[in-house]
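Working notes, beginning with the structure itself.
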Amino acid sequence: MHTQGTSKTIELALSLDPTGYPSGKDNIVWGTFDARQAETIAGSLKAQQIVCQVQKKKISTNTLYLLAVGEEREASEAMDFIWREGSGLRLKPDWSYADGEMNTSFELWINGR
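Count along the sequence shown from 1, add 191, and you get the number used in the numbering used here.
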């Protein structure tokens, strides 16, 4: 990504599947613009015995928080828990909502609905 007036390159390791969800490439299992969401999901993964860390990437004036699992074999299990399985968190990515709109799926989950 290049910003106008500067020569700034940003590398981003987020690969999405055709439906817009993280694909697990480079062990990245989730991405969000909300630090609270990232930390909460990371804690939930740790409770599931999945080692996870939050990585921060600046994109223009925004910060994207990427959740990366420790081992490749855990990526599928983590994605199942976060968004693929009905018994998991059932989250939708931030970018499936309009700009500036909160992630309703996360808010519903965090409030027990």
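Here a beta-carbon is modelled for each residue, glycine too, at the ideal position from N, C-alpha and C.
Given the structure is predicted, the values throughout are model-derived calculations rather than measurements.
Note that the C-beta distance between Phe224 and Asp285 is below 8 Å. DSSP links Ala259 through a beta bridge to Ile219, Gln244. When DSSP states are grouped into helix, strand and coil, Lys283 belongs to the coil group.
Excluding the 5 residues flanking it on each side, Gln244 has same chain C-beta neighbours closer than 8 Å at Ala233, Leu258, Ala259, Gly261, in chain order.
Around Thr254, the same chain offers Lys247 as residues with beta carbons nearer than 6 Å, after the five sequence neighbours per side are excluded. With a cutoff of 8 Å on beta-carbon distance, Leu282 and Ser267 are scored as not near each other. Gly277 and Met270 have their C-alpha atoms roughly 12 Å apart.
Looking from the CA of Gly215, the closest CA among Asn294, Trp300, Glu265 belongs to Glu265. Per DSSP, Phe272 lies in no alpha helix (DSSP H) and is assigned neither H nor E. When DSSP states are grouped into helix, strand and coil, Thr295 belongs to the helix group.
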